[in-house]
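One structure is given here, and the rest of the page talks about it.
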Amino acid sequence: MIHGKSHPKTVDESKDIIQGILNSYAQIGGINHLDGSNLPSRQSVFDVLENLKEILFPGYFESVCLDSHNLPDVTGQKVVDLIDVLSEEIYKSLCWKCTKKERCEQLIDCRSAARDIALGLMKEIPTIRELLREDAAATFSGDPAAQSEHEIILSYPGFLATAVYRIAHFLALQNVPLMPRMMTEVAHAQTGIDIHPGAKIGRRFCVDHGTGVVIGETAEIGDDVKLYQGVTLGALSVADRNILGKRHPTLGNNVTVYAKATILGGDTVIGAHSIVGGNVWLTHSVPEHTKIFLSEDRKQVLRHGEWVI
Amino acid sequence: MIHGKSHPKTVDESKDIIQGILNSYAQIGGINHLDGSNLPSRQSVFDVLENLKEILFPGYFESVCLDSHNLPDVTGQKVVDLIDVLSEEIYKSLCWKCTKKERCEQLIDCRSAARDIALGLMKEIPTIRELLREDAAATFSGDPAAQSEHEIILSYPGFLATAVYRIAHFLALQNVPLMPRMMTEVAHAQTGIDIHPGAKIGRRFCVDHGTGVVIGETAEIGDDVKLYQGVTLGALSVADRNILGKRHPTLGNNVTVYAKATILGGDTVIGAHSIVGGNVWLTHSVPEHTKIFLSEDRKQVLRHGEWVI
Amino acid sequence: MIHGKSHPKTVDESKDIIQGILNSYAQIGGINHLDGSNLPSRQSVFDVLENLKEILFPGYFESVCLDSHNLPDVTGQKVVDLIDVLSEEIYKSLCWKCTKKERCEQLIDCRSAARDIALGLMKEIPTIRELLREDAAATFSGDPAAQSEHEIILSYPGFLATAVYRIAHFLALQNVPLMPRMMTEVAHAQTGIDIHPGAKIGRRFCVDHGTGVVIGETAEIGDDVKLYQGVTLGALSVADRNILGKRHPTLGNNVTVYAKATILGGDTVIGAHSIVGGNVWLTHSVPEHTKIFLSEDRKQVLRHGEWVI
Numbered sequence: 611m612i613h614g615k616s617h618p619k620t621v622d623e624s625k626d627i628i629q630g631i632l633n634s635y636a637q638i639g640g641i642n643h644l645d646g647s648n649l650p651s652r653q654s655v656f657d658v659l660e661n662l663k664e665i666l667f668p669g670y671f672e673s674v675c676l677d678s679h680n681l682p683d684v685t686g687q688k689v690v691d692l693i694d695v696l697s698e699e700i701y702k703s704l705c706w707k708c709t710k711k712e713r714c715e716q717l718i719d720c721r722s723a724a725r726d727i728a729l730g731l732m733k734e735i736p737t738i739r740e741l742l743r744e745d746a747a748a749t750f751s752g753d754p755a756a757q758s759e760h761e762i763i764l765s766y767p768g769f770l771a772t773a774v775y776r777i778a779h780f781l782a783l784q785n786v787p788l789m790p791r792m793m794t795e796v797a798h799a800q801t802g803i804d805i806h807p808g809a810k811i812g813r814r815f816c817v818d819h820g821t822g823v824v825i826g827e828t829a830e831i832g833d834d835v836k837l838y839q840g841v842t843l844g845a846l847s848v849a850d851r852n853i854l855g856k857r858h859p860t861l862g863n864n865v866t867v868y869a870k871a872t873i874l875g876g877d878t879v880i881g882a883h884s885i886v887g888g889n890v891w892l893t894h895s896v897p898e899h900t901k902i903f904l905s906e907d908r909k910q911v912l913r914h915g916e917w918v919i
Numbered sequence: 611m612i613h614g615k616s617h618p619k620t621v622d623e624s625k626d627i628i629q630g631i632l633n634s635y636a637q638i639g640g641i642n643h644l645d646g647s648n649l650p651s652r653q654s655v656f657d658v659l660e661n662l663k664e665i666l667f668p669g670y671f672e673s674v675c676l677d678s679h680n681l682p683d684v685t686g687q688k689v690v691d692l693i694d695v696l697s698e699e700i701y702k703s704l705c706w707k708c709t710k711k712e713r714c715e716q717l718i719d720c721r722s723a724a725r726d727i728a729l730g731l732m733k734e735i736p737t738i739r740e741l742l743r744e745d746a747a748a749t750f751s752g753d754p755a756a757q758s759e760h761e762i763i764l765s766y767p768g769f770l771a772t773a774v775y776r777i778a779h780f781l782a783l784q785n786v787p788l789m790p791r792m793m794t795e796v797a798h799a800q801t802g803i804d805i806h807p808g809a810k811i812g813r814r815f816c817v818d819h820g821t822g823v824v825i826g827e828t829a830e831i832g833d834d835v836k837l838y839q840g841v842t843l844g845a846l847s848v849a850d851r852n853i854l855g856k857r858h859p860t861l862g863n864n865v866t867v868y869a870k871a872t873i874l875g876g877d878t879v880i881g882a883h884s885i886v887g888g889n890v891w892l893t894h895s896v897p898e899h900t901k902i903f904l905s906e907d908r909k910q911v912l913r914h915g916e917w918v919i
Numbered sequence: 611m612i613h614g615k616s617h618p619k620t621v622d623e624s625k626d627i628i629q630g631i632l633n634s635y636a637q638i639g640g641i642n643h644l645d646g647s648n649l650p651s652r653q654s655v656f657d658v659l660e661n662l663k664e665i666l667f668p669g670y671f672e673s674v675c676l677d678s679h680n681l682p683d684v685t686g687q688k689v690v691d692l693i694d695v696l697s698e699e700i701y702k703s704l705c706w707k708c709t710k711k712e713r714c715e716q717l718i719d720c721r722s723a724a725r726d727i728a729l730g731l732m733k734e735i736p737t738i739r740e741l742l743r744e745d746a747a748a749t750f751s752g753d754p755a756a757q758s759e760h761e762i763i764l765s766y767p768g769f770l771a772t773a774v775y776r777i778a779h780f781l782a783l784q785n786v787p788l789m790p791r792m793m794t795e796v797a798h799a800q801t802g803i804d805i806h807p808g809a810k811i812g813r814r815f816c817v818d819h820g821t822g823v824v825i826g827e828t829a830e831i832g833d834d835v836k837l838y839q840g841v842t843l844g845a846l847s848v849a850d851r852n853i854l855g856k857r858h859p860t861l862g863n864n865v866t867v868y869a870k871a872t873i874l875g876g877d878t879v880i881g882a883h884s885i886v887g888g889n890v891w892l893t894h895s896v897p898e899h900t901k902i903f904l905s906e907d908r909k910q911v912l913r914h915g916e917w918v919i
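This is the structure:
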C-alpha cells in the first residue's frame, strides 16, 4: 500500500463509517460549525502575531537585515499588508458574534468596523512599543542571568507573553470577540503563560521563567510587579456567569510573587511593596509592605529513618 | 563562505569527526535505531491528530468553509485518507513491538491488525464526539470567562488535551504501543497538560488553564471532575516495573482540585463531592463531601520589617 | 477586498501610521536592532537542534530508514552540513558580542573562532551521546509507565530538555553568547522545562513529566538526581548583576525532588540521598539522608460543612 493513496477496500468499508460520522454531525450539536461562515483560524492568528512581532521589534525576527536605508520601505510594506490581514481576521471575529445573535444587531458595517479597529491597533504601536521597552528594561534589571535586552527580546517567554497580552488587551478593549483570547492562547501554547486579555496590567511588568502562570480576566496588577513561574491570580470559586463582578485579585505597585504561589478572589488585594513567598495559598488581603511565606518549620523531617520534627 | 555550501576544509577536517560519531554509533547502544525499520514519527503523529481534529470538530479547523452541500464529500475524502495514514502509523507501532521481541510472536498479520484498529477508531468517532460535546459543555458552564463553546473548541488547551486523551485512550485499549503515548506527548507539548493514555477518565471532564497538570497511567477519575492548572495525580514512590499495580489516585464524581495540588498514591481515594484546595500535598484518602485546604494561618508574616505571626 | 492584496484606501490611510511607527523606531531604543547585522534567529536555532537530534539519536527522527549500509554516507553528509550551519550561527552570536562592545576587542577572527567551536561540538558528540544514553537508562528505570527507551527518546520532554541542555552547556563553556540560552529556550517552549545552560548537572539525570521545572544558572546537581514536574531550583532574592556569586542551590548525589517543590538560594545544599516532598518551600540546607515533606496535618478540613481539624 502506498502511503496516502487510498486502498480500494478501505474506500468500500469506510462508507458506513463516513455515514456514521455524518449522522453524528447531524445529531450532536455544539461542537460543529457548519453554517458556511469562516472563523478566525489558529494559524492566521499565529501569523498575525508573527508579523506584529516583526513590526514591534524591528531587526530581531526578520530574515533580512534592517538598516536605515531599507527600514522605511520594509516597514511600510509590512504595515500595509498587516492591516489587510488583521482587518480580515477581526472581521471574521465580529461576524461570528453577529451570527451568534442570529441577526446582526449592529447598525455599523462589520467590514468597516474591522478595518477601523485594525488601523487603531497600528496607530497604537508606538504606545505599545513604549510599554514593551519598559517591560524589557524591567526584566533585564531584575534578572542577573540575562546578558542583554537582546536576549530577552529574542528568547524570554515572559516578555513574549507580555507583548502578546498588550496587543490582545487593546483589541479586547475594542470589544473584538474571539481573536484576543485566541492570541493569548497562542502565546500560552508557546510559553506556558496564560494571561487573559481582559486583565489590567501596569507598566514595567516582568514574568520570570513563567511556565504555569495564570492571570485571570478581572485581575488588576499595578506598576513594577514581578511574577515568577507557576503563580496563579485566580477566582476563589466559580462565580455565576451572570454575576459580572470582579473574580480575580488586585496587586499593588512593586509587588513580587514567588514561584507557584496561588492568590485567589476578587476581593483579595495585595498591598503595594509586598512579597508573597513561593507555594503560598492566599485567599485574603494583606496590607502594604507585607512579606508572607510558608513557615519553614511546618514540615515533617525524617533523617536516617528517624523523625526529627 | 556561502551558508549551506560545504567549506572544502570543513569536509576534510570533519572526516575524523564523522568517524568518531560512527564509532559511537557502533559502541553505544540503547539510543540508536539502526535496523532499517521505521518508527512512527512525531511529525506523522502530529499530522494524524490535526486530521482527527478536523473530523471531530467540523468547520473549526479547515481552511474551507463547510456547509450542508460540501460536508459529505469533504468528510468522506478526509476519512478515507485518514484511515490509510492511521493504518500506516499503527502498523509501524505494532511492528516495533514485534521487532523488540526479536521474532514476531503474533500469528496475525500486523498490517491487517493495524487496519482493523484504524477502522475501529473511525467507528468510535461518533461516541468520542458525544463525550467531547459533554466535555465542552462542562468547560463552558464552569468558566465565566468563556464567551462561547466556539472559543473553547478553537483555543482552550484543557479541551484539546482531553480530546487527544480520548483518542489515545481508545488506541491504548486496543494494545497499540508507542503511538498513544506519542499522541498525548504531542498534546503535552502544545498544552503543558500530560495525561497518560492509560488513565481512566469519566464524562464531563474539565481541565481549566491546565499548564503543569499530570495524570498518571493508573489514575481513575469519575464524572464531573474539574482540575485546575498544575494539579498532579501521581505515584507515591517509584514502584517496581514488575509490580503492575495501581500507582495513581482515584477521584470520585464531582471532585474539584484547585491549582497545584499534589495527590499521590494508588490507594489514595478522594471521595465524591470533595474539594482539594490549591498547593495541598495529599497522600491519604479523604471521605466524600470533604473540603481540604492549606491552613491560612500556617504562614510567617513580616510587616514593615517586624514579625506579625 | 481580496485577502492579502492591499486596499488602495488602506495604503493611503496607513501613511501616517507608518510614519508614526518609523518615528517610534527613531525615538525608542533598546528594542530595535537596526545596525544591519544579523542575529541568530529562533528558527535557525530550532533547525540546528533538529539536525543535532538526528545525529545524536540515529534512526529516530529521520524520514529515511537507517541501516548499516546507508549510515556512513547519511551521517557524513549531515555532519558536514551541520558544521557549516552551526559555524554561521555561532559566528552571528560572537559578532553580536563584539558589536555590543562597540569595537572588536578580540584579536582572533570571529569566523575562525566560530568554526573551531562548531568542530569542537561535533567532536564532543560521542561524549554527549554517552551521557544521554545514561540519562535515557535512568529515566527508563525510574518510570514504570515507560514501555521502552525508544518511547523515551521519541517522546519524553524531560529527556529532550536534558539533551538540549547538554549541548547548550558545552557551547556556554566555550563562551558562546546568546545561542546557548536560545537553545534552552527553544526546549523550554517545547517541553515547559527551563534549564539554564550555565547550570552544572551530573550523570544519570532524570526529569519526569517536567512541565514547570526551572533550574537556575548557578545550580549544581550531582549524579543520579531525579526531579519531578514544577520543581524550582532558584535564587532566594534577586542578586545584584555585578555580584557574580552562586545564587542557586546545590543538590547532592541521589537526591529526589517531588512535584512543585521550591528550593532557593546559593548557599542551600540538599545533602546526598535526600528526598524533598511535593509543594515544599525550602530555603535552607538539609544534611544527607533527609526526607522533608509538608505536614499532612497542617491543613484545614471541612466535612459535610463542619470543621474536622
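Protein chains in written order, with this note's numbering: chain W, 611 to 919; chain Y, 611 to 919; chain Z, 611 to 919. Cβ atoms here follow ideal geometry from the backbone N, Cα and C, with glycine treated the same way.
DSSP beta-bridge partners of residue i
i        : result
Thr872/W : Thr842/W and Trp891/W
Leu837/W : Val817/W and Val867/W
Asp745/Y : Paired residues: none, contrary to the question.
Asp804/W : Val824/W
Lys810/Y : Glu830/Y
Val692/W : Going by the sequence as given, residue 692/W is Leu instead of Val. Leu692/W is not bridged to any residue.
Thr860/W : Glu830/W and Val879/W
Close Cβ partners of residue i (< 6 Å) along its chain, the five nearest in sequence each way excluded
i        : result
Ala773/W : Leu742
Ile641/Z : none
Glu759/Z : Ala746 and Phe750
Ile738/W : Arg776
Ala809/W : Ile825 and Ala829
Ala797/Y : Ala771 and Val774
Asp622/W : none
Whole-angstrom C-beta distance between residue j and residue i, which should lie under 8 Å
i        : j        : result
Leu731/W : Leu783/W : Going by Cβ atoms, the distance from Leu731/W to Leu783/W rounds to 10 Å, so no, they are not a contact pair.
is_contact[residue i, chain Y] using C-beta, thresh 8 Å
i        : result
Arg743/Z : yes
Gly888/Z : yes
Ile735/Z : yes
Leu843/Z : no
Ile628/W : yes
Gly669/Z : yes
Leu632/Z : no
is_contact[residue i, chain W] using C-beta, thresh 8 Å
i        : result
Ala829/Z : no
Ser765/Y : yes
Ile665/Z : no
Val824/Z : yes
Ser722/Z : no
Chain Z within 8 Å of residue i, Cβ atoms only
i        : result
Gln800/W : yes
Glu759/W : yes
His806/Y : yes
Gln839/W : yes
Leu770/Y : no
Leu704/Y : no
Close beta carbons around residue i, own chain, < 7 Å, minus the five adjacent residues each side
i        : result
Cys922/Z : An answer regarding residue 922/Z cannot be provided, because it is not within the stretch 611 to 919 covered by chain Z.
Tyr701/W : Cys720, Arg721 and Ala724
Gly888/Y : Tyr868, Ala869, Lys870 and Ala871
Members of the segment 671–696 of chain Y that neighbour chain W once the beta carbon cut-off is set at 8 Å:
Under the 8 Å Cβ criterion, the segment 671–696 of chain Y contributes Phe671, Ser673, Cys675, Leu676, Asp677, Ser678, Leu681, Pro682, Thr685, Gly686, Val689, Val690, Asp691, Ile693, Asp694 and Val695.
When you check each C-beta in the segment 639–663 of chain W against every C-beta of chain Y, which residues fall closer than 9 Å?
Under the 9 Å Cβ criterion, the segment 639–663 of chain W contributes Gly639, Gly640, Ile641, Asn642, His643, Leu644, Asp645, Gly646, Ser647, Asn648, Leu649, Pro650, Ser651, Arg652, Gln653 and Val655.
Quick one: which residues of the segment 774–793 of chain Y get their C-beta closer than 8 Å to a C-beta of chain W? List them in chain order.
Correct list: empty, as no residue qualifies.
Near-chain W residues of the segment 889–902 of chain Z - C-beta to any C-beta below 9 Å
Result list: Asn889, Val890, Trp891, Leu892, Thr893, His894, Val896, Pro897, Glu898, His899, Thr900, Lys901 and Ile902.
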